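What follows is one structure encoded as structure tokens, with my remarks underneath.
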């Protein structure tokens, strides 16, 4: 079956540091890959997505590249801000399943 | 803007009570989902629906039921609330494009406490 593995948190960084949150997956077929973000007290919202191998999704300075050879979709940002503090979820949807699979989430804390 | 609303942000109920959580979306999405979110466990799918009056069990359906009488509304029912159902409940909706789901849109969540 499908599965998503994310690095455990919390990840604690100083403002302007470089961010990487690792995500690897197991899936049948050719999945679409997503990163969602959950700010404190809110529901999840889509951050970025990629639908085929070598695609790069990007939004708000975050980016992730769909790597089929390593089955990975790592999230990166060059310079984090305090306002990026949130929980980040990696997810996949494999065509025909109708059900997305989420990772357990990684908490990011950014200090001034 | 897509909007998914949930009937309550915070709810406190007593053990044994029947609890209704309602979710409404305004984007004519076919698919709707109920998840619970617990620390260290991420999101776990309770039920989902891909059409009016249709429902499918997710990973943890025990102790829950759902109702979808109209396309825009998906209700989660706790028939007899128990303390282990204290959690954050998230509703989501999504468009069914071809054979796969597109982006999911989430409501703000209902934090339920069962005493």
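Chains as they are written, first to last, in our numbering: chain B, 2 to 113; chain S, -12 to 102.
Glycine residues also receive a C-beta, built at the ideal position from the N, C-alpha and C atoms.
As the structure is a prediction and not an experimental result, all values here were calculated from the model.
Counting only the same chain and skipping the five closest in sequence on each side, list residues whose C-beta sits under 6 Å from that of residue 33(B).
If you number the first chain from 1, residue 33(B) lands on position 32. Same-chain partners within the cutoff: 52, 94.
Residue from 77(S), 78(S), 99(S) whose Cα sits closest to the Cα of residue 68(S):
In the second chain, residue 68(S) corresponds to position 81, counting from 1. Checking every option, the nearest Cα to that of residue 68(S) belongs to 99(S).
Output the boundary residues of the beta strand (DSSP E) element that contains residue 22(B).
Here residue 22(B) refers to the residue found at position 21 of the first chain. Residue 22(B) -> beta strand (DSSP E) spans 20 to 22.
Pick from 29(S), 72(S), 59(S): whose alpha carbon is nearest that of residue 2(S)?
Locating residue 2(S) in the second chain gives position 15, where the first residue counts as 1. Checking every option, the nearest Cα to that of residue 2(S) belongs to 72(S).
Close beta carbons around residue 69(B), own chain, < 6 Å, minus the five adjacent residues each side
On the first chain, residue 69(B) is found 68 positions in, with the first residue counted as 1. Counting only Cβ-Cβ distances below 6 Å, and skipping sequence neighbours, we find 54.
Name the one or two DSSP bridge partners that residue 25(S) has.
For this step, residue 25(S) is matched to residue 38 along the second chain. Answer is 29(S), bridged to residue 25(S).
Going by the CB atoms, is the gap between residue 73(B) and residue 24(B) shorter than 8 Å?
Numbered from 1 along the first chain, position 23 holds the residue referred to as residue 24(B). Numbered from 1 along the first chain, position 72 holds the residue referred to as residue 73(B). Yes, the Cβ-Cβ distance between residue 24(B) and residue 73(B) is below 8 Å.
Which of helix, strand or coil DSSP assigns to residue 39(S):
Within the second chain, numbered from 1, the residue matching residue 39(S) stands at position 52. Coil.
Mind listing the chain B neighbours of residue 95(S)? Cutoff is C-beta to C-beta under 8 Å, in chain order.
As a working note, residue 95(S) is residue 108 in the second chain. Residue 95(S) reaches chain B at 42, 43, 44, counting residues in chain order whose Cβ is nearer than 8 Å.
Which residues, taken in chain order from the segment 70 to 81 of chain B, show a beta carbon closer than 8 Å to some beta carbon of chain S?
none
Based on the DSSP secondary-structure assignment, which residues constitute the bridge partners of residue 112(B)?
In the first chain, residue 112(B) corresponds to position 111, counting from 1. Note: residue 112(B) sits in a beta bridge opposite 15(B).
What is the rounded straight-line gap between the Cα of residue 107(B) and the Cα of residue 57(S)?
Position 106 of the first chain, counted from the start, is the residue given in the question as residue 107(B). Position 70 of the second chain, counted from the start, is the residue given in the question as residue 57(S). Cα atoms of residue 107(B) and residue 57(S): separation of roughly 35 Å, rounded to the nearest angstrom.
Could you give the C-beta distance for residue 15(S) and residue -10(S), rounded to a whole number, given that I count them as a contact under 8 Å?
Numbered from 1 along the second chain, position 28 holds the residue referred to as residue 15(S). Numbered from 1 along the second chain, position 3 holds the residue referred to as residue -10(S). For a cut-off of 8 Å, the C-beta gap from residue 15(S) to residue -10(S) is around 12 Å, too long to register as a contact.
For residue 93(B), decide whether its Cβ has a neighbour in chain S, counting only Cβ atoms nearer than 8 Å.
In the first chain, counting from the first residue as 1, residue 93(B) sits at position 92. No, residue 93(B) lies away from the interface with chain S (no Cβ there is under 8 Å from its Cβ).
How many angstroms separate the CA atom of residue 93(S) from the CA atom of residue 11(B)?
Within the second chain, residue 93(S) is the residue found at index 106, counting from 1. Within the first chain, residue 11(B) is the residue found at index 10, counting from 1. Each residue's Cα considered, the two are about 23 Å apart.
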